[in-house]
Amino acid sequence: MNTYTLTVFEKNGEKLLDETFEAASEEEAKKIGEQKLREKNYHEKTHRCTSSNGKLILFHR
Numbered sequence: 003m004n005t006y007t008l009t010v011f012e013k014n015g016e017k018l019l020d021e022t023f024e025a026a027s028e029e030e031a032k033k034i035g036e037q038k039l040r041e042k043n044y045h046e047k048t049h050r051c052t053s054s055n056g057k058l059i060l061f062h063r
């Protein structure tokens, strides 16, 4: 399992979410990240999901 971090920002730079989770693959991490964004109604906010080694998995601006 790898560790991923999902971060969501407001337009003014305020951090709305900074959550870490584990996933077996990058594809699974992307699905989990998208699910968390929809659950919290953050899917239209600026967000990113990165792996523990710094790889960008998901991004929206």
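Heads up: the sequence shown begins at 3 in our numbering, then just goes up one per residue.
Every residue, glycine too, gets a C-beta built ideally from N, C-alpha and C.
The structure displayed is predicted, hence computed values, not measured ones.
Suppose you measure from the CA of Thr-48 to the CA of Val-10; what does that come to, to the nearest Å?
6 Å
Note down, in chain order, each residue of its chain lying with its Cβ closer than 7 Å to the Cβ of Ile-34, except the 5 sequence neighbours on either side.
Phe-23 and Ala-25
Entirely within the stretch 10-51 and at least 4 residues each: give me those alpha helix (DSSP H) ranges in chain order.
28-41
Alpha-carbon spacing of Lys-32 relative to Glu-16, whole angstroms:
23 Å
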